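Following the numbering used here, the numbering of the sequence shown begins with -16 at its first residue and continues without gaps.
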Amino acid sequence: MMRSPLVAGNWKLFKLRAEAAAFAADLKGGLSSAAGVGIAVCPPFTSIDVLATGLAGSGVGIWGQHASAAESGALTGEISMGMLKDAGATGVLLGHSERRQLFGETDAALADKVPAALAAGLLPVLCVGETDAERESGATNEVLARQVREGLGKLSPTQADIVVAYEPVWAIGTGKTATPELAQAAHAWIRSQLAERFGEAAGSIRILYGGSVKPDNAATLLSQPDVDGALVGGASLEAASLLAIAAAARR
Ligand code: PGA
-16 MMRSPLVAGN WKLFKLRAEA AAFAADLKGG LSSAAGVGIA VCPPFTSIDV
34 LATGLAGSGV GIWGQHASAA ESGALTGEIS MGMLKDAGAT GVLLGHSERR
84 QLFGETDAAL ADKVPAALAA GLLPVLCVGE TDAERESGAT NEVLARQVRE
134 GLGKLSPTQA DIVVAYEPVW AIGTGKTATP ELAQAAHAWI RSQLAERFGE
184 AAGSIRILYG GSVKPDNAAT LLSQPDVDGA LVGGASLEAA SLLAIAAAAR
234 R
């Protein structure tokens, strides 16, 4: 089944609005080098509208890094899916390991967030991944299966318009990348779990790899059959670096 490659940059807690505007101009100027590859950027909330303006008409996705499943309410500090959409976002990262580990995001909460994103017209990007200890103890497949099963637990079998990101926690921001073989094995396992919910449509769901992806290691990772793109942290802060990774994803 045909899956077009997708490369997304997760800025985390970086960049002011002026920096986001400069990035948008640089990215737009270089997009032709990555023709045929979908690109998305995940800025802090305060720069979503800046990217929406600066990248208007470019086809580049703009994803929030987190959101609430609630539409409104007494929830100080939260942001809703509808608010992200209203500010110009097209998608949202859900369950990034930093949200899970540092902010207590649970699979149960994610189960509500994924359909809430779809209902608001946002592309949900569910992030999954095992910790170092889980891999060492042989629990990787079990952890990934649980995160997929529970995180997507409230979707109907026809709601396959989602993206999954596999990010082994031990590879995030550490400079340690999964080997291409290990990434492929995890992606194939995740796809088999997606097939349990979505059947054949699992073949159309893009699974991105994340964890210390750089311009010089992207090509080998992205050449694996079930690795459909990348979720890039540190190397996404410069437009040229994100574009180089996207160029490596061209098929
Ligand atoms: P990294 O981050 O590329 O800096 O390892 C990836 C991520 O957390 O999405």
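Cβ atoms here follow ideal geometry from the backbone N, Cα and C, with glycine treated the same way.
What you are looking at is a predicted structure, and each value in this text was computed from that prediction instead of being measured.
Open item on the list: By alpha-carbon positions, which one of S175, K197, L67 and N200 ends up nearest to R189?
Closed with: Locating residue 189 in the sequence shown gives position 206, where the first residue counts as 1. If we check each option's Cα against that of R189, S175 comes out closest.
TODO: Give the secondary structure of G217 by DSSP, where H, G and I count as helix, E and B as strand, and everything else as coil.
DONE: For the purposes of this step, residue 217 is taken as residue 234 along the sequence shown, with counting starting at 1. In this structure, G217 counts as helix in the three-state DSSP scheme.
Open item on the list: Suppose contacts are defined by Cβ-Cβ distances below 9 Å. Is A230 in contact with S16 by that definition?
Closed with: The sequence position of residue 230 within the sequence shown is 247, counting from 1. The sequence position of residue 16 within the sequence shown is 33, counting from 1. Yes, they are a contact pair.
Task: Any chain C beta carbon closer than 9 Å to S16 - done: Annotation note: the requested chain C is absent from the structure, which comprises a single protein chain.
- [ ] Put G(-8) into one of helix, strand or coil per three-state DSSP.
- [x] Numbered from its first residue, the sequence shown carries residue -8 at position 9. Strand at G(-8).
Task: Under the three-state DSSP convention, the category L58 falls into - done: Counting from 1 along the sequence shown, the entry for residue 58 is found at position 75. DSSP places L58 in coil when its eight states are reduced to three.
Task: Backbone CA spacing between I145 and D90 [nearest angstrom] - done: Within the sequence shown, residue 145 is the residue found at index 162, counting from 1. Within the sequence shown, residue 90 is the residue found at index 107, counting from 1. Rounded to whole angstroms, I145 to D90 spans 16 Å at the Cα level.
TODO: Label R83 either buried or exposed according to how many other C-beta atoms from any shown protein chain fall within 10 Å of its C-beta, with 16 as the threshold for buried.
DONE: In the sequence shown, counting from the first residue as 1, residue 83 sits at position 100. So R83 ends up on the buried side.
Open item on the list: Given 8 Å as the limit, tell me if E150 has its C-beta closer than that to any heavy atom belonging to ligand 1.
Closed with: If you number the sequence shown from 1, residue 150 lands on position 167. Because some heavy atom of ligand 1 lies under 8 Å away, the Cβ of E150 counts as near it: yes.
Task: Nearest-angstrom Cβ-Cβ length linking L205 and A218, presumed shorter than 8 Å - done: If you number the sequence shown from 1, residue 205 lands on position 222. If you number the sequence shown from 1, residue 218 lands on position 235. Not quite, the Cβ-Cβ distance comes to about 13 Å (not below 8 Å), so this is no contact.
Task: Where the alpha helix (DSSP H) containing P98 begins and where it ends - done: Translated into positions along the sequence shown, residue 98 becomes position 115. Taken as a continuous stretch (DSSP letters only), the alpha helix (DSSP H) holding P98 covers D90 to A102.
Open item on the list: For V131, report the span of its beta strand (DSSP E) as first-last.
Closed with: For this step, residue 131 is matched to residue 148 along the sequence shown. No beta strand (DSSP E) contains V131, which is instead part of the alpha helix (DSSP H) from T123 to G134.
- [ ] Give the single residue among S224, A171, I173 and L34 whose Cα lies nearest to the Cα of A5.
- [x] Working through the sequence shown from its first residue, we reach residue 5 at position 22. Cα-wise, what sits closest to A5 is L34.
TODO: Compute the minimum distance between the beta carbon of G193 and the heavy atoms of ligand 1, and state whether it is under 8 Å.
DONE: One-based indexing of the sequence shown puts residue 193 at position 210. The answer is yes for G193.
Task: Simplified DSSP assignment, three categories, for A143 - done: Stepping through the sequence shown from its first residue, residue 143 is reached at position 160. Coil at A143, not helix or strand.
TODO: Identify, in the order they occur along the chain, each residue of the same chain with its Cβ nearer than 6 Å to the Cβ of L93, setting aside the five sequence neighbours on each side.
DONE: One-based indexing of the sequence shown puts residue 93 at position 110. Within the same chain, L93 has close Cβ partners L77, G78 and G134.
TODO: Determine the burial state of M(-15): buried for a count of at least 16 other Cβ atoms within 10 Å of its Cβ, exposed for fewer.
DONE: On the sequence shown, position 2 is the one that residue -15 refers to. Exposed, by the Cβ-count rule.
Open item on the list: Per DSSP, what are the beta-bridge partners of A163 in this structure?
Closed with: Position 180 of the sequence shown, counting from 1, holds the residue named residue 163. Note on identity: in this sequence residue 163 is Pro, with Ala being the wrong assignment. Note: P163 sits in no beta bridge, so no partner.
Task: I31 and I22 closer than 9 Å at C-beta - done: Along the sequence shown, read from residue 1 onward, the residue named residue 31 stands at position 48. Along the sequence shown, read from residue 1 onward, the residue named residue 22 stands at position 39. Result no, Cβ atoms of I31 and I22 do not sit closer than 9 Å.
TODO: For V75, write down the residues that DSSP places opposite it in a beta bridge.
DONE: Residue mapping note: residue 75 aligns to position 92 of the sequence shown, counting from 1. Beta-bridge pairing links V75 to G47 and P107.
TODO: Kindly indicate the opening and closing residues of the alpha helix (DSSP H) around G21.
DONE: Here the question's residue 21 lines up with position 38 in the sequence shown. Counting along the chain, G21 falls outside any alpha helix (DSSP H), though it belongs to the beta strand (DSSP E) covering G21 to C25.
- [ ] Count the C-beta pairs between the stretch 153 to 166 and the stretch 191 to 208 that are closer than 8 Å, then say yes if the count reaches three, no if not.
- [x] yes
Open item on the list: For a quick check, are the C-beta atoms of A148 and A50 less than 9 Å apart?
Closed with: Indexing the sequence shown from 1 puts residue 148 at position 165. Indexing the sequence shown from 1 puts residue 50 at position 67. No, the Cβ-Cβ distance between A148 and A50 is not below 9 Å.
Task: Helix, strand or coil at L158 according to DSSP, with G and I counted as helix - done: Stepping through the sequence shown from its first residue, residue 158 is reached at position 175. First, the amino acid is wrong: residue 158 is Gly here, not Leu. Looking at G158 - three-state DSSP - the assignment turns out to be coil, as it is neither helix nor strand.
- [ ] Note the first and the last residue of the continuous beta strand (DSSP E) segment covering R189.
- [x] For the purposes of this step, residue 189 is taken as residue 206 along the sequence shown, with counting starting at 1. R189 to G193 is the span of the beta strand (DSSP E), which, as asked, contains R189.
- [ ] Pull up the distance between the alpha-carbon of M238 and that of A128, whole angstroms please.
- [x] Past the edges of the chain, shown from -16 to 234, lies residue 238, and the structure says nothing about it.
TODO: Within the same chain, show all residues whose beta-carbon is closer than 7 Å to that of D209, passing over the 5 residues directly before and after it, in chain order.
DONE: Walking along the sequence shown from the start, residue 209 turns up at place 226. Correct list, in chain order: Q167, H170, A171, R174 and I190.
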